[in-house]
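Visitor: Using this note's numbering, read the sequence shown as starting at 29 and increasing by one per residue. Note that CB positions come from ideal geometry on N, CA and C, so glycine has one too. This is the structure I want to talk about, given as C-alpha coordinates.
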Amino acid sequence: MSTEGQSPLLIGLTGSIGAGKSTVADIIRESHPVLDTDRIARELMERDEAVRAALLDRFGGRVYLDDNSLDRVFLATEVFGDERNLTDLNAIVHPPVIARVREEADALHANGNRVVYVESALIFEAGIEEEFDYTVAVVCNIERAIERVMHRDAVGREAAERRLRHQLSPEEKSGLSDFTIRNNGTLEELRRATSAIVLILSRLGKRSAS
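Shown next, in the form of C-alpha coordinates:
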(Lines of atoms letter the chains of each structure in order from A; the text may use other names.)
(Lines give C-alpha, C1' and ligand atoms only; values in the text may rest on other atoms or scores of the structure.)
Protein backbone atom coordinates (compact mmCIF):
# COMPACT_ATOMS: atom_id res chain seq x y z
CA MET A 29 0.00 0.00 0.00
CA SER A 30 1.28 3.50 -0.85
CA THR A 31 2.49 5.59 2.11
CA GLU A 32 2.53 8.86 0.21
CA GLY A 33 -0.50 10.11 2.08
CA GLN A 34 1.38 9.64 5.35
CA SER A 35 4.28 11.89 4.36
CA PRO A 36 4.78 14.85 6.72
CA LEU A 37 3.39 18.09 5.33
CA LEU A 38 4.30 21.73 5.98
CA ILE A 39 1.47 24.11 5.08
CA GLY A 40 1.92 27.85 4.68
CA LEU A 41 -0.99 29.96 5.96
CA THR A 42 -0.95 33.53 4.70
CA GLY A 43 -3.30 36.44 4.16
CA SER A 44 -3.48 40.19 3.77
CA ILE A 45 -3.75 42.39 6.83
CA GLY A 46 -7.28 42.43 8.18
CA ALA A 47 -8.30 39.25 6.36
CA GLY A 48 -8.66 37.13 9.50
CA LYS A 49 -5.59 34.93 9.13
CA SER A 50 -5.00 34.75 12.88
CA THR A 51 -8.61 33.69 13.48
CA VAL A 52 -8.17 30.90 10.94
CA ALA A 53 -4.91 29.90 12.65
CA ASP A 54 -6.74 29.65 15.98
CA ILE A 55 -9.36 27.38 14.38
CA ILE A 56 -6.65 25.17 12.88
CA ARG A 57 -4.89 24.93 16.25
CA GLU A 58 -7.85 22.96 17.54
CA SER A 59 -6.62 20.00 15.47
CA HIS A 60 -3.10 20.78 14.20
CA PRO A 61 -0.04 22.70 15.41
CA VAL A 62 0.48 26.16 13.92
CA LEU A 63 3.85 27.91 14.06
CA ASP A 64 3.64 31.71 14.18
CA THR A 65 6.49 33.44 12.33
CA ASP A 66 5.73 36.73 14.11
CA ARG A 67 6.27 34.98 17.44
CA ILE A 68 9.49 33.38 16.21
CA ALA A 69 10.78 36.68 14.81
CA ARG A 70 10.09 38.47 18.12
CA GLU A 71 11.89 35.77 20.09
CA LEU A 72 14.92 35.94 17.81
CA MET A 73 15.10 39.74 17.92
CA GLU A 74 14.83 39.65 21.71
CA ARG A 75 17.08 36.69 22.53
CA ASP A 76 19.36 35.70 19.65
CA GLU A 77 22.72 37.41 20.11
CA ALA A 78 23.63 37.40 16.42
CA VAL A 79 20.29 38.93 15.43
CA ARG A 80 20.52 41.52 18.20
CA ALA A 81 24.03 42.51 17.14
CA ALA A 82 22.96 42.86 13.51
CA LEU A 83 19.97 45.03 14.46
CA LEU A 84 22.10 47.25 16.67
CA ASP A 85 24.67 47.64 13.92
CA ARG A 86 22.06 48.55 11.32
CA PHE A 87 19.52 50.59 13.31
CA GLY A 88 21.51 51.85 16.30
CA GLY A 89 21.05 51.64 20.04
CA ARG A 90 17.47 52.95 19.99
CA VAL A 91 16.27 49.63 18.59
CA TYR A 92 16.33 48.25 22.17
CA LEU A 93 14.82 49.78 25.30
CA ASP A 94 16.62 50.24 28.62
CA ASP A 95 15.45 46.79 29.77
CA ASN A 96 17.00 45.27 26.58
CA SER A 97 13.60 44.48 25.10
CA LEU A 98 12.97 45.37 21.46
CA ASP A 99 11.53 48.83 20.84
CA ARG A 100 8.90 47.68 18.35
CA VAL A 101 7.45 51.16 17.92
CA PHE A 102 10.83 52.61 16.96
CA LEU A 103 11.62 49.75 14.60
CA ALA A 104 8.22 49.96 12.94
CA THR A 105 8.73 53.69 12.43
CA GLU A 106 12.13 53.06 10.86
CA VAL A 107 10.93 50.48 8.33
CA PHE A 108 7.39 51.67 7.58
CA GLY A 109 7.44 53.32 4.16
CA ASP A 110 11.22 52.98 3.83
CA GLU A 111 11.96 50.18 1.39
CA ARG A 112 15.71 50.14 2.07
CA ASN A 113 15.28 49.84 5.83
CA LEU A 114 12.61 47.17 5.39
CA THR A 115 14.82 45.20 3.02
CA ASP A 116 17.71 45.37 5.48
CA LEU A 117 15.49 44.28 8.37
CA ASN A 118 14.17 41.33 6.38
CA ALA A 119 17.71 40.33 5.40
CA ILE A 120 18.62 40.18 9.09
CA VAL A 121 15.51 38.44 10.39
CA HIS A 122 14.16 36.19 7.63
CA PRO A 123 17.02 33.63 7.37
CA PRO A 124 17.07 32.75 11.09
CA VAL A 125 13.26 32.72 11.18
CA ILE A 126 13.16 30.21 8.32
CA ALA A 127 15.82 28.10 10.04
CA ARG A 128 13.83 28.12 13.29
CA VAL A 129 10.60 27.23 11.47
CA ARG A 130 12.33 24.22 9.90
CA GLU A 131 13.71 23.17 13.29
CA GLU A 132 10.38 23.47 15.12
CA ALA A 133 8.45 21.83 12.27
CA ASP A 134 10.88 18.91 12.18
CA ALA A 135 10.42 18.44 15.92
CA LEU A 136 6.63 18.49 15.58
CA HIS A 137 6.73 16.02 12.70
CA ALA A 138 9.02 13.73 14.68
CA ASN A 139 6.57 13.95 17.58
CA GLY A 140 3.77 12.48 15.49
CA ASN A 141 2.18 15.59 13.97
CA ARG A 142 1.92 14.74 10.28
CA VAL A 143 0.53 18.13 9.17
CA VAL A 144 2.12 21.31 10.53
CA TYR A 145 0.96 24.81 9.58
CA VAL A 146 3.05 27.97 9.50
CA GLU A 147 1.25 31.30 9.89
CA SER A 148 3.08 34.05 7.98
CA ALA A 149 1.68 37.22 6.41
CA LEU A 150 4.51 37.61 3.91
CA ILE A 151 5.09 34.17 2.40
CA PHE A 152 5.01 35.41 -1.18
CA GLU A 153 6.47 38.85 -0.50
CA ALA A 154 9.45 37.18 1.20
CA GLY A 155 9.79 34.56 -1.54
CA ILE A 156 9.61 31.60 0.84
CA GLU A 157 6.69 29.74 -0.75
CA GLU A 158 8.99 26.89 -1.82
CA GLU A 159 9.43 26.03 1.87
CA PHE A 160 5.89 24.63 1.92
CA ASP A 161 4.11 21.66 0.41
CA TYR A 162 0.94 23.72 0.00
CA THR A 163 -0.14 27.28 0.73
CA VAL A 164 -3.49 28.61 1.96
CA ALA A 165 -4.53 32.26 1.62
CA VAL A 166 -7.12 33.90 3.83
CA VAL A 167 -8.72 36.81 2.00
CA CYS A 168 -11.66 39.18 2.31
CA ASN A 169 -12.91 42.16 0.39
CA ILE A 170 -10.86 45.33 0.74
CA GLU A 171 -13.53 47.39 2.48
CA ARG A 172 -13.98 44.78 5.18
CA ALA A 173 -10.21 44.51 5.65
CA ILE A 174 -9.91 48.29 6.05
CA GLU A 175 -12.66 48.31 8.66
CA ARG A 176 -11.02 45.48 10.60
CA VAL A 177 -7.60 47.17 10.60
CA MET A 178 -9.11 50.50 11.71
CA HIS A 179 -10.94 48.81 14.57
CA ARG A 180 -8.14 46.45 15.61
CA ASP A 181 -5.26 48.95 15.49
CA ALA A 182 -7.23 52.10 16.35
CA VAL A 183 -5.99 53.90 13.23
CA GLY A 184 -7.67 56.07 10.64
CA ARG A 185 -8.74 54.99 7.19
CA GLU A 186 -5.70 56.47 5.45
CA ALA A 187 -3.30 54.58 7.74
CA ALA A 188 -5.21 51.33 7.23
CA GLU A 189 -5.17 51.74 3.45
CA ARG A 190 -1.45 52.50 3.53
CA ARG A 191 -0.73 49.29 5.42
CA LEU A 192 -2.73 47.27 2.91
CA ARG A 193 -0.77 48.78 0.02
CA HIS A 194 2.47 47.37 1.46
CA GLN A 195 1.29 43.80 0.82
CA LEU A 196 0.10 41.89 -2.19
CA SER A 197 -3.60 42.32 -2.84
CA PRO A 198 -6.02 39.63 -1.64
CA GLU A 199 -6.57 38.41 -5.19
CA GLU A 200 -2.83 38.23 -5.85
CA LYS A 201 -2.34 36.13 -2.72
CA SER A 202 -5.27 33.95 -3.70
CA GLY A 203 -3.91 33.44 -7.20
CA LEU A 204 -0.51 32.40 -5.89
CA SER A 205 -1.89 30.02 -3.24
CA ASP A 206 -3.06 26.44 -3.61
CA PHE A 207 -6.19 27.02 -1.52
CA THR A 208 -8.19 30.11 -0.57
CA ILE A 209 -10.44 30.75 2.41
CA ARG A 210 -12.75 33.73 1.85
CA ASN A 211 -13.65 35.50 5.07
CA ASN A 212 -16.52 37.79 4.13
CA GLY A 213 -19.21 36.23 6.29
CA THR A 214 -19.80 35.06 9.84
CA LEU A 215 -17.39 33.33 12.18
CA GLU A 216 -19.37 30.11 11.77
CA GLU A 217 -19.01 30.32 8.00
CA LEU A 218 -15.27 30.90 8.43
CA ARG A 219 -15.06 27.89 10.73
CA ARG A 220 -16.83 25.66 8.19
CA ALA A 221 -14.63 26.85 5.33
CA THR A 222 -11.47 26.36 7.38
CA SER A 223 -12.49 22.88 8.52
CA ALA A 224 -13.14 21.85 4.91
CA ILE A 225 -9.67 22.98 3.79
CA VAL A 226 -8.02 21.31 6.79
CA LEU A 227 -9.78 18.04 5.97
CA ILE A 228 -8.67 18.18 2.33
CA LEU A 229 -5.07 18.91 3.29
CA SER A 230 -5.04 16.09 5.85
CA ARG A 231 -5.72 13.65 3.01
CA LEU A 232 -3.09 14.94 0.60
CA GLY A 233 0.42 13.64 0.08
CA LYS A 234 3.50 15.70 -0.58
CA ARG A 235 3.46 17.72 -3.75
CA SER A 236 5.28 16.17 -6.70
CA ALA A 237 8.74 17.62 -7.25
CA SER A 238 7.98 18.12 -10.95
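(1) Identify every residue that forms a DSSP beta bridge with Leu98.
(2) Please report the residue range of the beta strand (DSSP E) in which Thr51 lies.
(3) Report the three-state DSSP secondary structure of Arg204 (helix, strand or coil).
(4) I'd like to check one pair, Ile56 with Tyr145: are the Cβ atoms closer than 9 Å?
(5) So within the region 140-227, which uninterrupted alpha helix (DSSP H) runs reach at least 4 residues, ignoring any that extend past its ends?
(6) Within the same chain, show all residues whose beta-carbon is closer than 8 Å to that of Leu192, passing over the 5 residues directly before and after it, in chain order.
(7) Assuming the contact rule is C-beta atoms closer than 8 Å, Ile39 and Asp134 should be a hit. Round their C-beta distance to whole Å, please.
(8) What does the alpha-carbon distance come out to for the pair Asp85 and Ser148?
(9) Let me know if Gly203 comes out buried or exposed under the rule of 16 or more other beta-carbons within 10 Å of its beta-carbon.
(10) If you check the beta carbons only, do Ile156 and Ile120 fall under 9 Å apart?
(11) In chain order, what residues of the same chain lie with their CB nearer than 6 Å to the CB of Glu132, ignoring the 5 residues before and after it?
(12) Can you tell me where the alpha helix (DSSP H) with Leu83 in it begins and where it stops?
Guide: The relevant details are as follows:
(1) Tyr92
(2) Per DSSP, Thr51 belongs to no beta strand (DSSP E); it is in the alpha helix (DSSP H), 49-56.
(3) The sequence given here places Leu at residue 204; Arg does not occur at that position. The answer is helix: DSSP assigns Leu204 an H, G or I state.
(4) yes
(5) 170-181, 185-193, 198-204
(6) Ser44, Ile45, Gly46, Ile170, Ala173, Ile174, Val177
(7) 15 Å between Cβ atoms; not a contact.
(8) 26 Å
(9) exposed
(10) no
(11) Leu63
(12) 77-87
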